[in-house]
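Have a look at the structure below, then the notes.
Protein chains in written order, with UniProt numbering: chain A, 1 to 337; chain Z, 1 to 337.
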């Protein structure tokens with residue numbers, strides 16, 4: 001475990017008073033973010049993990065510490081496989097994993113950091129869409145790695161996919177299947193995934209000279225099946241319905257299939273649908289849903305290993321953009337009887 | 001984020017007194033299910049998400065401590081609404097909520113308690129099936145409340161449903177719809193829900209003089225759609241297929257519907273299906289799934305309030321068994337064309 005780093009050593013190293021170090025640790029809201037960053041950098045350079053390690057000595061026989069996973073929605077089946085990958089990597093290194101279901105805002109970040117400190121978290125992997133200031137503030141408290149959602153304004157390691165390119169492949173698939181009246185169902189623009197997939201969708205439409213009708217760009221405020229279903233029912237009520245829908249999640253895709261059925265449209269006969277994520281939802285529907293597979297387990301596993309490197313003090317662990325894959329199923333296979 | 005919905009607004013909207021709203025939120029056992037339904041509908045219509053959302057806003061001034069929620073599977077959509085209820089009750093009292101995805105065994109309980117101590121958890125709500133020794137050991141570390149899964153060998157408060165009675169109503173419904181060749185898809189016997197629902201199923205079969213064929217009692221090792229699908233495909237391959245399946249979760253129910261389709265059987269024409277839980281999975285399928293509703297949000301909310309009472313030192317907070325309700329949908333409605 002190495003010897004403990006004392007608060008005096010941290011104060012000396014960062015060139016601030018003992019009281020300031022104490023404030024950073026206990027009342028970060030009283031300290032400027034610049035000072036907090038300096039003190040936290042010192043804590044890390046002086047071997048951060050042994051500061052953390054004091055909580056996990058042999059007396060408890062437990063893990064070496066705790067890794068937090070922050071997710072925006074517990075009800076989204078997309079996240080479980082990522083957390084499974086994180087758990088396996090964390091446990092190999094002796095760390096426990098806990099899940100925090102939150103999207104801390106910049107104004108709530110001090111409370112969030114206080115919570116992380118109270119529960120002695122050693123590092124955090126965030127899957128939530130966070131503002132740059134929030135990420136920096138958390139990262140100055142404990143090492144952070146971004147997974148899936150990435151804020152390009154901060155220099156913090158990440159594991160993600162190329163949403164723009166993946167969406168392009170999905171929408172090109174719809175066009176190659178003969179769809180020319182395209183619609184999209186996506187999430188809030190605060191999410192990188194939603195922005196990237198929207199841009200990919202629009203770029204394919206433009207390349208093929210396809211105009212998108214008013215009302216065929218549907219944005220659902222969260223990954224809710226019920227809200228997506230209502231919004232898509234509304235869209236399909238119009239006399240002139242789309243013949244191809246790019247749904248930015250399988251949950252949305254399942255909602256499109258069910259709304260089409262309600263509107264008396266057959267899938268894939270009248271309307272083709274592509275989802276995203278390759279969760280179980282994509283095989284629960286009738287017809288089954290063509291979708292984009294993300295290597296979720298590997299994304300979680302890799303994000304956790306990058307975090308473990310950061311916790312050990314590695315200077316600049318490498319970020320990763322992982323491959324996706326179109327999985328073609330019945331919702332875009334017209335030849336099916 | 002929108003403005004907060006106040007308890008006064010909820011009272012006004014639902015046409016009941018402030019005291020009644022408070023009872024619905026805090027002591028639903030004292031309120032008729034009709035009144036509770038009305039108040040809960042108002043909470044939702046008045047923008048349920050802003051009631052929840054207030055805690056993400058700046059007003060949340062940091063927790064008084066941490067409440068842990070232990071769940072056996074992050075990928076089971078059954079749990080999210082329970083955790084949502086827990087979160088609202090916890091945050092009203094100033095507590096943060098973290099989720100631990102674990103089923104600690106008796107041999108690992110010391111490590112688990114060490115983890116709870118390291119992260120300064122003040123109390124725990126467990127939804128996992130735990131041995132008596134494990135529950136007692138954790139409860140001697142921090143106050144514990146059991147939710148859904150209950151171990152009858154320990155004297156620790158709980159919130160649950162009557163699985164036996166709920167299963168009986170579901171299976172009687174199958175029989176009243178004309179089913180006489182009954183099958184069941186359930187989870188491992190380590191779960192109270194699986195034991196209770198199996199007993200309910202068998203008791204209805206016996207009451208009607210229905211013998212259960214070998215191979216028509218399917219036990220899936222976890223709440224996995226894929227494993228359930230494989231097991232049910234195997235069951236439906238036989239020449240003599242069941243005409244009614246009681247699936248002990250909506251995930252299993254969705255797997256039965258998909259396996260039936262693969263086997264060339266129509267639902268509900270050749271085979272009727274009832275699920276359990278009333279999650280989104282029950283409305284994603286074609287046909288939609290008849291299921292048993294559990295008041296998941298209220299179960300979580302109530303379990304957390306019982307825990308908060310225990311944390312304040314209340315001698316013996318009352319356990320609760322909540323009402324369930326059969327929700328009839330297309331999978332058992334033969335008249336549908």
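Beta carbons are placed, not taken as given, at the ideal position from N, Cα and C, and that holds for glycine.
These numbers were taken from a predicted model, which means no experiment stands behind them.
- Its Cα nearest to that of residue 93 (chain Z), the residue Z:85 stands out among Z:153, Z:85, Z:100.
- Taking C-beta separations shorter than 7 Å and ignoring five residues to either side along the sequence, the partners of residue 119 (chain Z) in its chain run 66, following chain order.
- From the listed residues Z:269, Z:139, Z:202, the smallest Cα separation to residue 167 (chain Z) is found for Z:202.
- Residue 233 (chain A) places its beta carbon less than 7 Å from that of residue 259 (chain A).
- DSSP places residue 145 (chain A) in the uninterrupted beta strand (DSSP E) bounded by 144-147.
- A distance below 6 Å between beta-carbons, with the five flanking residues on each side excluded, links residue 76 (chain A) to the following residues of its chain, in chain order: 223.
- Of all residues in the stretch 273-287 of chain Z, those with a C-beta nearer than 8 Å to a C-beta of chain A are 280, 281, 283, 284, 285, 286, reading in chain order.
- Where residue 281 (chain A) is concerned, the enclosing alpha helix (DSSP H) starts and stops at 281-284.
- Non-local C-beta neighbours of residue 220 (chain Z) in its own chain, meaning closer than 7 Å and more than five positions away in sequence, comprise 185, 187, 227, 228, 231, 252, ordered along the chain.
- Contiguous beta strand (DSSP E) elements confined to the stretch 177-263 of chain Z occur at 182-186, 217-219, 244-247, taking only those with 3 or more residues.
- Closer than 7 Å to the CB of residue 225 (chain Z) there is at least one CB belonging to chain A.
- Under a 10 Å Cβ-count criterion, residue 42 (chain A) is classified as buried, with 16 or more other Cβ atoms of the shown protein chains found around its own Cβ.
- Between the stretch 154-169 of chain A and the stretch 314-331 of chain A there are three or more inter-stretch CB-CB distances shorter than 8 Å, so the stretches are counted as touching.
- For residue 120 (chain Z), at least one C-beta of chain A is nearer than 7 Å to its own C-beta.
- Checking the DSSP bridge columns, you'll see residue 322 (chain A) partnered with A:161.
- The beta carbon of residue 217 (chain Z) sits closer than 6 Å to those of 184, all from its chain and outside the five residues before and after it, given in chain order.
- Flagged as an interface residue toward chain A: residue 100 (chain Z), by a C-beta distance shorter than 7 Å.
- The CB of residue 83 (chain A) comes closer than 8 Å to the CB of 74, 101 in chain Z, given here in chain order.
- In this structure residue 207 (chain Z) is exposed. Its beta-carbon is surrounded by fewer than 16 other beta-carbon atoms within 10 angstroms.
- Of A:320, A:248, A:282, the smallest CA-CA separation from residue 145 (chain A) is found for A:320.
- The beta carbon of residue 112 (chain Z) sits closer than 6 Å to the beta carbons of 104 from its chain, once the five residues preceding and following it are set aside; these are given in chain order.
- Membership of residue 70 (chain Z) in the beta strand (DSSP E) is indicated by the continuous run 65-71.
- Around the CB of residue 123 (chain A), 16 or more other CB atoms lie within 10 Å, so the residue is classed as buried.
- Interface residue (Cβ-Cβ distance to chain Z less than 7 Å): residue 32 (chain A) is not classified as such.
- The CB of residue 254 (chain A) comes closer than 7 Å to the CB of 284 in chain Z, given here in chain order.
- Between the alpha carbons of residue 191 (chain Z) and residue 200 (chain Z) lies a gap of roughly 14 Å.
- In this structure, DSSP gives residue 270 (chain Z) a state outside helix and strand, which the three-state scheme calls coil.
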